Amino acid sequence: MKFVDEATIRVEAGKGGNGCLSFRREKFVEKGGPDGGDGGDGGSVYLVGDEALNTLVDYRFQPRYRAPKGEHGKGSDRTGASGADIELKVPLGTSVFDEDSGSYVGDISKPMDRLLVARGGKHGLGNTRFKSSTNRAPRQTTDGEPGEIKNLRLELKLIADVGLLGLPNVGKSTLIRAVSAARPKVADYPFTTLVPNLGVVRLGESASFVVADIPGLIEGAAEGAGLGVQFLKHLARTRLLLHLVDVAPVDGSDPVDNFRVIEAELARYSEGIADKDRWLVFTKTDLLPIDQRDARIAALREAIGFEGSGFQVSSVSNRGTTELMRQVHRYFQELDAADSADDVAAEAEKEARIREEVHAFSAWQRQKRRARRQGDDDDDDDDYDVEVHYEQ
Ligand SMILES: Nc1nc2c(ncn2[C@@H]2O[C@H](COP(=O)(O)OP(=O)(O)OP(=O)(O)O)[C@@H](O)[C@H]2O)c(=O)[nH]1
Ligand SMILES: [Mg+2]
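Counting in our numbering, the sequence shown runs from 868 upward without gaps.
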């Protein structure tokens, strides 16, 4: 299965059926009254949330959907049948934009969320409707209205509570393997992870949350270097980011510089995401001699000048990993307890801002890709030809 997190589709609602022009024919009545029925309404198109899906790949293969039209009205006052609505299933976390106007249409975030994206045309009226005391034989009818036609841009942002952020090779996938049942590939070269992985962290019976491991970023990612920043959008819906910094990179690079590279790319991509709560997590602490470990890490922290919470882990020796997950869970509990109406409004505002930033960025990237291709109209530009893993 391909992992596709963006798609453009065309949805066409059905036209309403026309009203009918008809008169009753009765055996001994020369001309009966009008009996033309109304047409039926055209079918509408809805998007519906389906938690079993985690990719928009189907919409890449089949980008066009048409709801049936309403039937025309008939004689004997028979109303035409309405066209059935059609429902297109999309993964939770799908944002919908009108491709032509660029405006935001809505979000699908819960199972069975239902979003009207193209309204079916209203039915036309049969001549019966125009009967009056002064006009007993109306020849007037109306036609059904056309259905809405929309080009929609779908953008999927996976739903996770925690996002892992960092350069390639810092140990993001190893951490998610250490704390969840997810089994993303781990290797000692950059860009091992090519698509996001989700892992469910369970702490006891009822405590669980979802962690997203995304491909590593490098300097220039916002301009497309490495795998680019397109995966950052999957951090948009997280409540907490863990910024992983390797304390002893094999390439001899400076952890402080490495930290800054990620901060800069993040800020260039989306200020809203950069403003999210973020903790600093030093990884691979087993690579430091034990007697120097704490002092070296304290010095790094000082040099980085990070204000928020700081942690150290070794996923290989499982040092600090469970404790980190406990802290994350405690933090979520505090957030949930503090949730007030004000927070909800402020959160919604932040979410809207991030949605717009992510959308604008992806539109800009598409434009650049298009300009580069010049004339090549194959729009197969957002595929990652690999699998997405979601393990419980
Ligand atoms: N010594 C030590 N090595 C680690 C630790 N965590 C990860 N590694 C090693 O670091 C290398 C990279 O680990 P990954 O988990 O693949 O790193 P990543 O951040 O997911 O990398 P990308 O997917 O390329 O972005 C692998 O060789 C791991 O075995 C750790 O705690 N200690
Ligand atoms: Mg990885």
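Beta carbons: idealized from backbone N, C-alpha and C, even for Gly.
Being a predicted model, the structure only gives us computed values, none of them experimental.
Requested in this report: Would you kindly report the start and end of the unbroken beta strand (DSSP E) that includes Asp1113?
Outcome: What you label residue 1113 is simply residue 246 of the sequence shown in a count that begins at 1. Where Asp1113 is concerned, the enclosing beta strand (DSSP E) stretches over Leu1107 to Asp1113.
Query raised in the report: Thinking C-beta only, is Gly906 closer than 8 Å to Gly881?
Result: As a working mapping, residue 881 is identified with position 14 in the sequence shown. As a working mapping, residue 906 is identified with position 39 in the sequence shown. No; because the gap between Cβ atoms is not below 8 Å, this pair is not in contact.
Query raised in the report: Applying the criterion that 16 or more other CB atoms from any shown protein chain within 10 Å of the CB defines a buried residue, is Asn1002 buried or exposed?
Result: Position 135 of the sequence shown, counted from the first residue, corresponds to residue 1002. It is exposed - the Cβ of Asn1002 has fewer than 16 other Cβ atoms within 10 Å.
Report task. In angstroms with no decimal places, state the Cα-to-Cα distance between Gly942 and Gly991. Result -> Looking up residue 942 in the sequence shown gives position 75. Looking up residue 991 in the sequence shown gives position 124. Distance between the alpha carbons of Gly942 and Gly991 is about 14 Å.
Requested in this report: For Ile1171, count neighbouring C-beta atoms within 10 Å of its own C-beta (all shown protein chains included) and say buried if the count is 16 or more, exposed if not.
Outcome: Counting from one through the sequence shown, the residue named residue 1171 turns up at place 304. Buried, since its Cβ has 16 or more Cβ neighbours within 10 Å.
**Report entry** Terminal residues of the alpha helix (DSSP H) in which Lys956 lies
**Finding:** On the sequence shown, position 89 is the one that residue 956 refers to. Per DSSP, Lys956 belongs to no alpha helix (DSSP H); it is in the beta strand (DSSP E), Ile953 to Val957.
Query raised in the report: Taking C-beta to C-beta, are Asp944 and Asp902 nearer than 8 Å?
Result: Position 77 of the sequence shown holds residue 944. Position 35 of the sequence shown holds residue 902. In this structure, Asp902 lies closer than 8 Å to Asp944 by Cβ.
Query raised in the report: So what's Phe1149 in DSSP terms, helix, strand or just coil?
Result: Here residue 1149 refers to the residue found at position 282 of the sequence shown. Here Phe1149 sits in strand by DSSP.
Query raised in the report: Nearest CA to the CA of Asn1064: which residue from Ile1129, Phe928, Asp1153 and Pro1051?
Result: As a working mapping, residue 1064 is identified with position 197 in the sequence shown. With distances taken between Cα atoms, Asn1064 lies closest to Pro1051.
Requested in this report: Could you tell me whether the region 1081-1092 touches the region 1009-1018, using the rule of 3 or more Cβ pairs below 8 Å?
Outcome: no
Query raised in the report: By a C-beta neighbour count over all protein chains shown, 10 Å radius and 16 as the cutoff for buried, is Lys1024 buried or exposed?
Result: Position 157 of the sequence shown holds residue 1024. Buried.
Requested in this report: Select from Ala1027, Gln1097, Pro1122 and Leu1032 the residue whose C-alpha is nearest the C-alpha of Phe1076.
Outcome: Here the question's residue 1076 lines up with position 209 in the sequence shown. Looking at the Cα atoms, Ala1027 is the closest of the given residues.
Query raised in the report: Is any beta-carbon of chain B found at less than 8 Å from that of Ser976?
Result: No chain B appears in the structure shown, which is made up of a single protein chain.
Query raised in the report: Given 8 Å as the limit, is there contact between the region 1077-1084 and the region 1044-1063, that is, 3 or more CB pairs closer than that?
Result: yes
Requested in this report: Using three-state DSSP, classify Tyr1056 as helix, strand or coil.
Outcome: Position 189 of the sequence shown, counted from the first residue, corresponds to residue 1056. The answer is coil: DSSP assigns Tyr1056 none of H, G, I, E or B.
Report task. Identify the continuous alpha helix (DSSP H) that holds Ser1181 and give its terminal residues. Result -> Within the sequence shown, the letter at position 314 stands for residue 1181. It is not in any alpha helix (DSSP H) - Ser1181 carries neither H nor E in the DSSP assignment.
**Report entry** Pairwise C-alpha distance: Phe997 and Val1255
**Finding:** Numbered from 1 along the sequence shown, position 388 holds the residue referred to as residue 1255. Numbered from 1 along the sequence shown, position 130 holds the residue referred to as residue 997. Per-residue confidence for Val1255 stands at a pLDDT of 42, beneath the threshold of 50, marking its modelled position as unreliable; the derived number appears in the next sentence. Roughly 59 Å between the two C-alpha positions.
Query raised in the report: Since Gly1139 is in the alpha helix (DSSP H), which residue starts that stretch and which ends it?
Result: Translated into positions along the sequence shown, residue 1139 becomes position 272. Per DSSP, Gly1139 belongs to the alpha helix (DSSP H) from Glu1138 to Ala1141.
Query raised in the report: Between the region 964-980 and the region 909-916, do at least 3 Cβ pairs fall closer than 8 Å?
Result: yes
Query raised in the report: What are the residues that DSSP puts in a beta bridge with Val1037?
Result: Reading the sequence shown from its first residue, position 170 is the one you call residue 1037. BP columns for Val1037 are empty, so no partner.
Report task. With a threshold of 16 other CB atoms inside 10 Å of the CB of Asp872, please say whether the residue is buried or exposed. Result -> As a first step, residue 872 is located in the sequence shown; it is residue number 5 there, counting from the start. Flag for Asp872 reads buried.
**Report entry** Beta-carbon proximity check, Val984 vs Lys956, cutoff 8 Å
**Finding:** Within the sequence shown, numbered from 1, the residue matching residue 984 stands at position 117. Within the sequence shown, numbered from 1, the residue matching residue 956 stands at position 89. It is not a contact, given that the beta carbons lie outside the stated cut-off.
Query - Distance between Pro1116 and Leu923 (C-alpha atoms, nearest Å) - result: Position 56 of the sequence shown, counting from 1, holds the residue named residue 923. Position 249 of the sequence shown, counting from 1, holds the residue named residue 1116. So the two alpha carbons sit approximately 36 Å from each other.
Query - Contacting residues, own chain, Cβ-Cβ under 7 Å from Gly1033 (five flanking each side not counted) - result: Position 166 of the sequence shown, counted from the first residue, corresponds to residue 1033. Here the set comprises Lys1039, Gly1083, His1110, Leu1111, Val1112 and Ile1129.
Query raised in the report: Nearest-angstrom Cα distance between Thr875 and Gly883?
Result: Residue numbering aside, residue 875 sits at position 8 when the sequence shown is read from its first letter. Residue numbering aside, residue 883 sits at position 16 when the sequence shown is read from its first letter. Roughly 26 Å between the two C-alpha positions.
**Report entry** Residue span of the alpha helix (DSSP H) that contains Val1195, given as start and end
**Finding:** Your numbering for residue 1195 matches position 328 in the sequence shown. Residues Thr1188 to Ala1205.
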